[in-house]
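Protein chains in written order, with the working numbering: chain Z, 1 to 365; chain S, 1001 to 1300. Positions of the beta carbon are idealized from the N, C-alpha and C atoms, including for glycine. Please read these numbers as outputs of a predicted model, since none were measured by experiment. Quick notes on the structure that follows.
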């Protein structure tokens, strides 16, 4: 049985004198049909001039990403009844993706932002040495790590939602960095360190991700771009010790060392250690580090003045009562030859007793 | 209600007023807090970036300590970042029994073990207020409705995303709790673009411009929407929004100057506690105007 829904579509035509505006349309659809079905019905019955990109209508091609009720999603993959419920009694808002220039109505310029950034990471294999006579042979095991980033359908939803891109247009961004991991993690690639060094040193590279989970939330294929960025960071620092000028290495090293030493965060030492590639001494003596430290001084002084930061707190930090235990844990895990990572993308298939177990942060009541 | 209480690092470090105000508010809400004073840092996403097994072990250690608190209904934290970082570890620990056993083996020396159980939970004070104490119960305890105070909610990324990991299937309105709470305490929630966005704190050492542009933009949006102050359940957001606010103002090239309250401070004001005892004088951005409004309420 069809139901009635209202779509509030963001309109913009560069060839008209009208500025961008909202326009409401009623649609009649079965509740299980998609928002894309709704848009196409409006286009068919009411206004053929509405511009929208779509192709497969089955969540495969990645053409129809838009913002529905403010959230970046594939229109074909969003049930219209769910969207109506989310809208909470108001009309369902449908607007073009964010962070990219609008060409017309729901169509954005993917070339100007998304594809340019994808090109930035050299999205093809760069193997070492002569090509083998036949195909490259790779262990299936060795590819597990990159399967998640390979699932990307280039829809741009993560680019649209990215909160770092919102304030820094030059950020390489979630889709391109996930793509970068697809090659960094590929055992056939011969430029692993070069790729990592390039993205670690770029001020808009892996250390420009603000860790907000927006890309993870919106990705229709569970690529979890932010997790791939964290994998890139882990490889850059853990495997190649790349000491970048953005303090990415220093910050991680400083944080980890502080917790190993005290168990809780000694905030006053985090900045100087971060600026000195993890070393407190270098952080207070090397010219580059000192310059950054001086820049942070006004903030520190404001903290002292307000009384939230005391001289005592800056100089001394208490160890946890059982700090020996914390140090033992650090030592045991750091002494392992390989970092153990539970791959949540594939776990569940082998987890015998708890398939699909979702940690419920709140638990059940 | 007895609770295993994890205050986190920052609430006892650069935002001591947060831990302090929580301790004052707790007895007024009949909460008995058993502080986990041997527990370690949650890793704040940084140790996860370094080594997952390490961060999972460290947080399993905290969970095991919390599970060992006799008679506790669950575990409470007062930091969005602790909530998010710990939920991430819990998700992995709960997903695979083999992995969990391996992590627990490292804890054996200390006689600790994390047990996966449907009944056990770790909740931010915000979630606890709405889900465990209940809005109606809380309403009964309000002695000073914050009438006329316009408060802009700032949630912090780590308790709003990713929804799958953070229990939104069971509690779909968790991204609205601050708004609900502000209204229930008699104040007026301010709608603005930045409420669920990122404060920029994770980038402050690595890209100061991106970081402070984010903080500055959200503060400016809240001011333009008419906010008297912001409120946040995350002390790291507080550092970027309050302590760094004068610096952020330069990155967005405009005056700011809007106070940012910690969640227990806002609740405390409505429960009749005074700004001074809630540590509001320790903020970088002066809270005078809000205090004046609250004082006028008391006189009325």
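Are any of the Cβ atoms in chain S nearer than 8 Å to that of residue 332(Z)?
Start at 1 with the first residue of the first chain, and residue 332(Z) comes out as number 332. Answer yes: the Cβ-Cβ gap between residue 332(Z) and chain S drops below 8 Å somewhere.
Between the Cα of residue 1063(S) and those of 1139(S), 1121(S), 1146(S) and 1244(S), spot the shortest distance and give me the residue it belongs to.
For the purposes of this step, residue 1063(S) is taken as the residue at position 63 of the second chain. Closest option to residue 1063(S), Cα to Cα, is 1121(S).
Give me the residue from 1246(S), 1039(S), 1280(S) and 1166(S) with the minimum Cα distance to residue 1068(S).
One-based indexing of the second chain puts residue 1068(S) at position 68. The shortest Cα separation from residue 1068(S) among 1246(S), 1039(S), 1280(S) and 1166(S) belongs to 1039(S).
Grouping DSSP H, G and I as helix and E and B as strand, with all else coil, what is residue 1069(S)?
Residue numbering aside, residue 1069(S) sits at position 69 when the second chain is read from its first letter. Coil at residue 1069(S), not helix or strand.
Taking C-beta pairs closer than 7 Å, name the residues in chain S that residue 306(Z) reaches, listed in chain order.
Counting from 1 along the first chain, the entry for residue 306(Z) is found at position 306. The answer, in chain order, is 1282, 1283 and 1284.
From the DSSP output, read off the bridge partner residues of residue 34(Z).
Taking the first chain and counting its residues from 1, the one referred to as residue 34(Z) is at position 34. Residue 34(Z) pairs with 79(Z).
Measuring only between beta-carbons, confirm whether residue 207(Z) sits less than 8 Å from chain S.
For the purposes of this step, residue 207(Z) is taken as residue 207 along the first chain, with counting starting at 1. Chain S contact via Cβ: present.
In three-state DSSP terms, what is residue 359(Z)?
Counting from one through the first chain, the residue named residue 359(Z) turns up at place 359. Bear in mind that a pLDDT of 39 at residue 359(Z), under 50, signals an unreliable position, so the model cannot answer this.
Say whether chain S places a C-beta atom closer than 8 Å to the C-beta of residue 322(Z).
Start at 1 with the first residue of the first chain, and residue 322(Z) comes out as number 322. So yes, residue 322(Z) belongs to the interface.
Within the region 1199 to 1276 of chain S, note down every full alpha helix (DSSP H) run reaching 4 residues or more, in order along the chain.
Within the region 1199 to 1276 of chain S, the complete alpha helix (DSSP H) runs of at least 4 residues are 1208 to 1224, 1235 to 1238, 1245 to 1251 and 1263 to 1270.
Around the C-beta of residue 352(Z), are 16 or more other C-beta atoms found within 10 angstroms, so that it is buried, or is it exposed?
As a first step, residue 352(Z) must be located in the first chain, where it is residue number 352. Any reading at residue 352(Z) is ruled out, since the residue's pLDDT is 46, under 50, leaving its predicted position unreliable.
Start and end of the alpha helix (DSSP H) containing residue 1103(S)?
Locating residue 1103(S) in the second chain gives position 103, counting from the first residue. Its alpha helix (DSSP H) spans residues 1097 to 1107.
Under a CB-based cut-off of 8 Å, is residue 1230(S) close to chain Z?
Position 230 of the second chain holds residue 1230(S). So, not an interface residue.
Quick test of the definition: if touching needs 3 or more C-beta pairs under 8 Å, does the region 217 to 231 of chain Z touch the region 1012 to 1023 of chain S?
Verdict: no, contact absent.
Is the Cβ of residue 1214(S) closer than 8 Å to any Cβ of chain Z?
As a first step, residue 1214(S) must be located in the second chain, where it is residue number 214. Yes - at least one Cβ of chain Z is within 8 Å of the one on residue 1214(S).
Would you kindly work out how many angstroms separate the C-alpha atoms of residue 359(Z) and residue 1172(S), rounded to a whole number?
As a position in the first chain, residue 359(Z) is number 359, starting the count at 1. As a position in the second chain, residue 1172(S) is number 172, starting the count at 1. Bear in mind that a pLDDT of 39 at residue 359(Z), under 50, signals an unreliable position, so the model cannot answer this.
Could you work out which residue in 1200(S), 1073(S) and 1136(S) is closest to residue 1211(S) when comparing CA atoms only?
Here residue 1211(S) refers to the residue found at position 211 of the second chain. Nearest option by C-alpha distance: 1200(S).
Count the other CB atoms, across all protein chains shown, that sit within 10 Å of the CB of residue 1182(S); report buried if there are 16 or more and exposed otherwise.
Counted from its first residue, the second chain places residue 1182(S) at position 182. It counts as buried.
Judging by CA-CA distance, which residue of 1213(S), 1217(S) and 1282(S) is the nearest neighbour of residue 1243(S)?
The count along the second chain starts at 1 and reaches residue 1243(S) at position 243. Out of 1213(S), 1217(S) and 1282(S), 1282(S) has the C-alpha closest to the C-alpha of residue 1243(S).
Count the other C-beta atoms from every protein chain shown that fall within 10 angstroms of the C-beta of residue 356(Z), then say buried if there are 16 or more, exposed otherwise.
Locating residue 356(Z) in the first chain gives position 356, where the first residue counts as 1. No answer about residue 356(Z) holds up, because its pLDDT of 41 lies below 50 and its placement is not dependable.
Within 8 Å of any Cβ in chain S, is that where the Cβ of residue 61(Z) sits?
Here the question's residue 61(Z) lines up with position 61 in the first chain. Judged by the 8 Å Cβ criterion, residue 61(Z) is not in contact with chain S.
On the CB-based measure, 16 or more other CB atoms within 10 Å of its CB, does residue 1215(S) come out buried or exposed?
Residue 1215(S) sits at position 215 when you count from the first residue of the second chain. Under this definition residue 1215(S) is a buried residue.
For the region 1271 to 1281 of chain S against the region 1221 to 1233 of chain S, do three or more pairs of beta-carbon atoms, one drawn from each stretch, fall closer than 8 Å, so that the two count as touching?
The region 1271 to 1281 of chain S is not in contact with the region 1221 to 1233 of chain S.
Where residue 1042(S) and residue 1167(S) are concerned, what is the direct C-alpha to C-alpha distance, given to the nearest angstrom?
Position 42 of the second chain holds residue 1042(S). Position 167 of the second chain holds residue 1167(S). Between residue 1042(S) and residue 1167(S), the C-alpha separation is close to 19 Å.
Just by C-beta distance, which residues in the region 156 to 168 of chain Z are closer than 9 Å to chain S?
Answer in chain order: 163, 164, 166, 167 and 168.
In chain Z, which residues lie with their C-beta within 7 Å of the C-beta of residue 1075(S)?
Taking the first residue of the second chain as 1, we reach residue 1075(S) at position 75. Neighbours of residue 1075(S) on chain Z: none; closest Cβ ~10 Å, over 7 Å.
Any idea if residue 119(Z) is buried or exposed, counting beta-carbon neighbours within 10 angstroms, 16 or more meaning buried?
As a first step, residue 119(Z) must be located in the first chain, where it is residue number 119. The residue in question, residue 119(Z), is exposed, as its Cβ has fewer than 16 Cβ neighbours within 10 Å.
Quick check on residue 223(Z) - is its C-beta less than 8 Å from some C-beta in chain S?
Counted from its first residue, the first chain places residue 223(Z) at position 223. Answer no: the Cβ-Cβ gap between residue 223(Z) and chain S never drops below 8 Å.
Whose CA, out of 5(Z), 4(Z) and 21(Z), lies closest to the CA of residue 12(Z)?
Counting from one through the first chain, the residue named residue 12(Z) turns up at place 12. Nearest option by C-alpha distance: 21(Z).
By how many angstroms is the C-alpha of residue 1081(S) removed from the C-alpha of residue 1238(S)?
The residue given as residue 1238(S) occupies position 238 in the second chain. The residue given as residue 1081(S) occupies position 81 in the second chain. Residue 1238(S) and residue 1081(S): Cα-Cα distance of roughly 11 Å.
By alpha-carbon positions, which one of 1037(S), 1004(S), 1033(S) and 1048(S) ends up nearest to residue 253(Z)?
Working through the first chain from its first residue, we reach residue 253(Z) at position 253. Comparing Cα-Cα distances from residue 253(Z) to each of 1037(S), 1004(S), 1033(S) and 1048(S), the minimum goes to 1048(S).
Could you check where the alpha helix (DSSP H) with residue 274(Z) kicks off and where it finishes?
As a first step, residue 274(Z) is located in the first chain; it is residue number 274 there, counting from the start. Counting along the chain, the alpha helix (DSSP H) containing residue 274(Z) begins and ends at 267 to 275.
What does DSSP give as the partner residue(s) for residue 1034(S) in the beta ladder?
Translated into positions along the second chain, residue 1034(S) becomes position 34. For residue 1034(S), which the question treats as bridged, DSSP gives the partners 1004(S).
Starting from residue 95(Z), trace the beta strand (DSSP E) both ways and give me its first and last residue.
For this step, residue 95(Z) is matched to residue 95 along the first chain. Run containing residue 95(Z): 92 to 95, per the beta strand (DSSP E) assignment.
Which residues in the same chain as residue 1094(S) place their Cβ atom closer than 7 Å to its Cβ, once the five residues preceding and following it in sequence are excluded?
Looking up residue 1094(S) in the second chain gives position 94. 1116, listed in sequence order.
Mind checking residue 112(Z): buried by the 16 CB within 10 Å criterion, or exposed?
As a working mapping, residue 112(Z) is identified with position 112 in the first chain. With fewer than 16 Cβ atoms within 10 Å of its Cβ, residue 112(Z) is classed as exposed.
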